[in-house]
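Student: Here's a structure for you.
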Amino acid sequence: MHQRTKEDREATFTLTNIVPQQEGSNSGPWNSLENDMLKKFMPLCKGPMYVITGALPYENKAHWLNNRVSVPEYMWSAYCCPRYSNTLPKSEQAFFPTYAAVGRNDRNSGKDIEKINPNLKVTEKEYDVMRMPLEDLEGILAQRLHMSISLFDRQCQ
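All letters in the sequence shown, in the order written, are residues 1192 to 1348 by my numbering.
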């Protein structure tokens, strides 16, 4: 839990709820991911759907905007739908109860978390978004952040 102490909870209010996202990502593949999630999964989720979105900093050297705001190399998102339709189409079954994605936020990044889909248009390759099981994203985050990760605290299985 990231807010165990009173000081941790108070510090939360000094942060913002946004990160700098490149326009090519935000209006391109990442936007498609968000729209697909809403359109595809909301009708199949019965009850609340929980979504966590975060950012991955560069591994070696931070990239700064106006020497004040750290720009992430990747964005990630994970969702949890604890209760869902018991008549899921076969094509949708792999997406429940959890699923995730990670997307490049810097088209010039030399680091590939996942292999880029060769069938994408050049502009989409620059900000490729890879969809994956939640466990794969947790593995990527654990490796990159050097710590154990359980995004939904194993509460969505």
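C-beta: ideal position from N, C-alpha, C; glycine also. Owing to the predicted nature of the structure, the values given are computational and were not obtained by experimental measurement.
Exposed or buried, arginine 1295, counting other C-beta atoms within 10 Å across all chains shown (16 or more means buried)?
Tutor: That one is buried.
Student: Measure the alpha-carbon distance for phenylalanine 1343 versus serine 1276 and round it to whole angstroms.
Tutor: Looking at the two C-alpha atoms, the distance is approximately 20 Å.
Student: Mind checking serine 1341: buried by the 16 CB within 10 Å criterion, or exposed?
Tutor: Flag for serine 1341 reads exposed.
Student: Sort out for me which residues DSSP pairs tryptophan 1289 with in a bridge.
Tutor: The sequence given here places threonine at residue 1289; tryptophan does not occur at that position. DSSP output for threonine 1289 lists Cys1271 as bridge partner(s).
Student: Mind checking who cysteine 1236 pairs with in its DSSP beta bridge?
Tutor: Paired residues: Tyr1275.
Student: Would you decide whether aspartate 1319 is buried or exposed? Buried here means 16 or more other CB atoms lie within 10 Å of its CB.
Tutor: Burial call: buried.
Student: Any idea which residues DSSP pairs glycine 1330 with across the strands?
Tutor: None; glycine 1330 has no bridge partner.
Student: Using 9 Å as the threshold, is the C-beta distance between glycine 1215 and glutamate 1317 below it?
Tutor: Closer than 9 Å, so yes.
Student: Bridge partners for valine 1262 per DSSP, in chain order?
Tutor: His1254, per the DSSP bridge assignment.
Student: Whose C-beta lies closer than 6 Å to the C-beta of threonine 1289 among residues of the same chain, with five residues either side of it excluded?
Tutor: Cβ within range, chain order: Cys1271, Leu1325, Cys1347.
Student: Classify valine 1293: buried if its beta carbon has 16 or more other beta carbons within 10 angstroms, exposed otherwise.
Tutor: So valine 1293 counts as buried.
Student: Given aspartate 1297, which residues of its chain have a CB within under 6 Å of its CB, disregarding the five upstream and five downstream residues?
Tutor: For aspartate 1297, where only same-chain residues beyond five positions count, the Cβ hits under 6 Å are Glu1264.
Student: So, helix, strand or coil for methionine 1323, using DSSP?
Tutor: Strand.
Student: From this set, Gln1213, Leu1256, Asn1217, Ala1269, which residue's C-alpha is nearest phenylalanine 1232's C-alpha?
Tutor: It is Ala1269 whose Cα lies nearest to the Cα of phenylalanine 1232.
Student: My assumption, with CB atoms under 8 Å, is that methionine 1266 sits in contact with glutamine 1212. Please give the rounded CB distance.
Tutor: Contact holds; Cβ gap of about 6 Å.
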